[in-house]
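All remarks here apply to the structure that follows.
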Amino acid sequence: MSRSPEAANPEAADAALPAAGAINRRDVLRTMAALTAGAAVGLRSPPVLAQAKRFDGVTLRGACFQHVFHENVKAYLPEFEKATGMKVEIDLQAFPVYNQRMDLELSTQGSSYDFINITFPYSGRWVGAGWLAPLDSFVSDRNQTPAEWNPDDFVSGTQTPFRGKDGKTYGFAWEAGAMMMGIARYDLIEKAGLNIPETLEELAAVCAAVHGKDGVAAYVNDKLHHWNFPPYLMNMGGKVFRKAPDDLMPTLDTPEAARAAQYYGDLLSKYGPQGVLSFTDDQALRSQTEGRANIRTNAMAWVLPLAKRADSKVKETARFGMIPKGAGGSFPGCNANGYGIPVGARQKEAAWAFIQWATSKETFRRIAFERGGLAVPRRSIIDDPEYRKVLNINGQDVAALYLQILERAGEGNYMSYRTVPVFPQVGDKINKAIERIASRQQSAEASMATAQAEAVADLRKAGVAL
Amino acid sequence: MSISTKVSDYAAASDGRGAAIGALPHFERQRIRFFWMLLTPVLVILAIVTLLPTIYLLVTSFTPLSLATPGTAWNFSDPLANYKVLFGDSRLHNSLWVQLKLSFFTVVLQLLLGLVVALLLNMRTALMEALRSTFLVPMVLPPIVVAIIWKVLYSPDISPAWWIFKALGWSVATPITDANWALTAIIIADTWEWFPFTMLIILAALSMMPEELREAARIDGATSWQLTWFVTLPYLRNTLLVAGLFRLIDSIKTFPLIYILTDGGPGTVTEVSNYYVFSQSFNYSYIGYSSAVTMVLLAITLLLSWIIIRVVAGESRVD
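Chains A and B supply the protein sequences, listed in that same order.
Counting from 0, one number per residue, gives the positions in the first sequence under numbering that gives the first Met the number 0.
Counting from 0, one number per residue, gives the positions in the second sequence under numbering that gives the first Met the number 0.
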């Protein structure tokens, strides 16, 4: 390899350059290196910098019980992930499994999940025990939450379960569940010369008149009696507790409770399909959408599919009504499930970004109008004329019915029985009592007395002063 | 060192316990030391894995520990409170009674069915050889899958059996929601799942049975029935006891079938003690109380196992 004269004699080379001393060979080399590096950075970095997202590289983990709402959220997740840069994994579990696992996870202040579903009957327990992080600072921080997100837009009753005694907010609702009556085969009721039942007597008469007609069972419900039964109990003048949340003495052995339990047990055993005592929500819904069972009282999310699900065979004959009232009045069940952040979560800001997006007006609006998730907790959507139009089903204004129930539930705080920390124990006693009555093991009086004794013993075990 | 010296050392060692190790020959002491060196890690692991949790369970049973109530973890103010509640807990007593019925019927049925099928499969024909592995299928399936299979079979709206009943015009109630049949439904499913286990153990014992025993009886003119009754069954007595013990211990741990099929219901007719403990701990967070119940169950299981082992050991000595 030949060498250039400059290389062989550096001084000569230096002399060959323009004098001035400002530029020498090293400077040229440095400049070239800098330009090369700059070009390299220039080619790659600017687009990255331009697209830098706040949660790039974050993987957010959440857990929820299986519900169609979370499936709807999942459908829109790619858009959220694209906008924020984070990846969201939602672990969906069956309702009882989820609650058991989450109870354990939260009590150990674990950090497996960044956000969770706050289950309505467990809200008092989880919020009260200090297992969830308060969200107020996120809501009030304009860098994290824009003003138009507006927490005041949530129907007030739906936020009650997520407020602690300290006045702080520990969750935001994704569902405003209002219990109503869904009728799959109204044509059979019409054929019998009857109407939508408005009282418990009428409901019993309708069931007696249409049971077995066209091979259809008159009544169906799932096995969560602790949710399905209390409206019947209260409509007949009974209560779960003497005065929840202040006086938690169970009142399951009153004459009203025995009458209500007998009534509800009869609906299941006399007018229910075979095996109804083991039915899950899905099974009960399917029996209605396939036209094998007629009347069910449950949350709107479980009865609306009669008219809205693509594969429903009863779209034309579906009707809706209030839960029939009794001598004690009308106490339709109402619930709200929400999203919250475990106190041990490590990525709280990212979790809040997700919750904020999932419970935003825009997401609720899309889920309601594009995917039929109509049990929304935001008033601005319920008041939307389009929402009213969607919920006008077979000539019925179901939106008005929904609002009526939500407003009724807000009166007198009668749903507070369900959010006391010890409700799961008492709810289990109700489940077992109804099963004993419907399977003819015990009379209603005896079964409810057993439930009362067991509930009292359990509450004492939990240290509740009775 | 002569052999006689070693023997005398041994004798001295076995006489005086305190000075036994010191009196042993050097190589023997080394052997024992080596033996303990190998055994110690296993014993330590065993203690960590089984003994410590059991001790923790025992300690917890003296507290009112509830996950929902902070500060109850080390509260020993009334250490016997859980045990006092336990004696007056009618639902626990009911669960023990249900457990007794479930254990009795499943163990008896599994032993009987396992014995009959094992005796049939012991006939070494090509068909029986082929059938052997088929019979093992229920046992090798994950318990949750077995539970789902039976859930489908017992659910009228999706069960092939109920489609047939319907086609025949029969109205058959589903057993899992019928208070009179729910436990039977569990017993049937559990027997289906686990009789292959007893069958396998009995089959193994039969394969080792000396043919001379049966041959001698045949020469003496014994019929097939007499051979089974007077030769085979006495030979299998201890095997049946051991298989029964295994199944008894397992029956006390029954969980997936009840969880999936009946959830302990209707009411509490299928709520066994194991399931009751589960709901007390994981549904209501009564960890202290459920630990106390678990300690009692552990004691019962150990007692039953001890009795059966004594019976088997006694029979062996008589033999």
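Idealized CB from N, CA, C, for every residue including glycine.
Could you check which residue in the options has the C-alpha nearest to that of residue i?
| i | options | result |
| --- | --- | --- |
| B/V276 | B/T269, B/T293, B/Q98 | B/T293 |
| A/Y416 | A/M299, A/F119, A/E88 | A/F119 |
| A/I376 | A/K86, A/E315, A/G337 | Note on identity: in this sequence residue 376 of chain A is Pro, with Ile being the wrong assignment. Here the closest residue by C-alpha is A/G337. |
| A/Y231 | A/A374, A/E200, A/Y263 | A/Y263 |
| A/F137 | A/R124, A/E348, A/A74 | A/E348 |
| B/F194 | B/L114, B/R236, B/L99 | B/L114 |
| B/V84 | B/T105, B/P142, B/F61 | B/F61 |
| B/P260 | B/L182, B/I54, B/L135, B/I200 | The sequence shown places Leu at residue 260 of chain B, rather than the Pro named in the question. B/L260 has its Cα closest to that of B/L182, out of B/L182, B/I54, B/L135, B/I200. |
| A/V344 | A/V57, A/Q108, A/E88 | For clarity, residue 344 of chain A is Ala in the given sequence; the question names Val instead. Among A/V57, A/Q108, A/E88, the Cα nearest to that of A/A344 belongs to A/Q108. |
Quick check on residue i: does DSSP put it in helix, strand or coil?
| i | result |
| --- | --- |
| A/D102 | helix |
| A/V87 | strand |
| A/N430 | helix |
| A/S110 | coil |
| A/P46 | Low confidence applies to A/P46: its pLDDT is 43, below 50, so where it sits in the model is not reliable enough to give any reading. |
| A/A172 | strand |
| B/P142 | helix |
| B/Y234 | helix |
| A/F153 | strand |
| A/A21 | Bear in mind that a pLDDT of 48 at A/A21, under 50, signals an unreliable position, so the model cannot answer this. |
| B/T53 | helix |
| B/A178 | coil |
| A/A374 | coil |
| A/T358 | coil |
| B/N93 | helix |
| A/N472 | Residue 472 of chain A lies beyond the range of chain A shown here (0 to 465); nothing can be said about it. |
| A/L131 | strand |
| B/T222 | coil |
| A/T474 | What is shown of chain A runs 0 to 465, which leaves residue 474 of chain A out entirely. |
| A/F228 | coil |
If you measure between the beta carbons of residue i and residue j, is that distance less than 8 Å?
| i | j | result |
| --- | --- | --- |
| A/P249 | A/A454 | yes |
| B/L152 | B/A160 | yes |
| A/A306 | A/R295 | no |
| B/S65 | A/A461 | yes |
| A/N234 | A/L267 | no |
| B/V97 | B/V310 | no |
| A/G274 | B/P155 | yes |
| A/D152 | A/K360 | yes |
| A/D113 | A/A350 | yes |
| A/E410 | A/K324 | no |
| B/R59 | B/I286 | Sequence check: residue 59 of chain B is Thr here, not Arg. Yes. |
| A/A432 | A/C333 | no |
| A/A217 | A/H224 | no |
| A/T288 | A/R318 | no |
| A/K222 | A/S277 | yes |
| A/G127 | A/P423 | no |
| A/S438 | B/T176 | yes |
How is the beta strand (DSSP E) around residue i delimited, first residue to last?
| i | result |
| --- | --- |
| A/N220 | First-last for A/N220: undefined, no H or E at that position. |
| A/M248 | 246-249 |
| A/V338 | In the sequence under discussion, the amino acid at residue 338 of chain A is Tyr, which differs from the Val named in the question. Residues 333-339. |
| A/K242 | 240-242 |
| B/R123 | It is not in any beta strand (DSSP E) - B/R123 carries neither H nor E in the DSSP assignment. |
| A/F161 | Element bounds for A/F161: n/a, residue is neither H nor E. |
| A/R318 | 318-320 |
Could you give the residue range of the alpha helix (DSSP H) that holds residue i?
| i | result |
| --- | --- |
| B/W191 | 181-206 |
| A/N297 | It is not in any alpha helix (DSSP H) - A/N297 instead sits in the beta strand (DSSP E) that spans 292-298. |
| B/V43 | 25-45 |
| A/S268 | 254-270 |
| B/R217 | 210-218 |
| A/I404 | 397-409 |
| B/V84 | 80-86 |
| A/A283 | 280-288 |
| A/A452 | 443-460 |
| A/I188 | 185-190 |
On the DSSP bridge list, what partners appear for residue i?
| i | result |
| --- | --- |
| A/C63 | A/L91 |
| B/F245 | DSSP lists no partner for B/F245. |
| A/I117 | A/G337 |
| A/T198 | A/K324 |
| B/Y285 | B/S65 |
| A/M179 | A/N297 |
| B/T71 | Answer by DSSP bridge pairing: none, since B/T71 is not bridged. |
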